[in-house]
Amino acid sequence: MMMMITIKIIIIIIIIIIIIIIIIIIIIITIIIIIIMIIIIIIIIIRKILIIIIIIIIIIIIIIIIIIIIIIIIIIIIIIIKIKINREKKKKKKKKKKKRRRRRRRRRGRRRKKEEEKEKEEEEEE
3 MMMMITIKII IIIIIIIIII IIIIIIIIIT IIIIIIMIII IIIIIIRKIL IIIIIIIIII
63 IIIIIIIIII IIIIIIIIII IKIKINREKK KKKKKKKKKR RRRRRRRRGR RRKKEEEKEK
123 EEEEEE
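Quick note: the sequence shown uses my numbering, first residue 3, plus one each step.
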């Protein structure tokens, strides 16, 4: 009778131990699965965040490039306008200067001619 009870107790203990081991294994497996899922979710989130960050960076770079191109175009246009204005100013100035010079030269020439004529007349009179 005592043997039967002890055998039953031993069997119950063994069953309990097996159940505990199984429960522990299941818990460990579920923990591992949960950890793996969390890691996968984190990786997915990080990828999405990275993709979003990369897209934002690309957009920012494109905007910066467009702004730089616009600035360069504006600068080129300003330079061209300034060059045209300067050329027009120079042309106007040059024309005025040339006219003045020509007039002066002509006057000088006329004076010389008149002076030469006077000198010739004076020489003839002498």
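Using N, Cα and C, we set each Cβ at its ideal position, and we do this for glycine too.
* Return the chain-ordered list of same chain residues with a C-beta closer than 7 angstroms to the C-beta of I83, the five sequence neighbours on each side being excluded. => none
* Asked: How big is the Cα-Cα spacing for I68 and I85?
  -> Distance between the alpha carbons of I68 and I85 is about 25 angstroms.
* Asked: I43 to I66, Cα distance in whole Å?
  -> 34 angstroms
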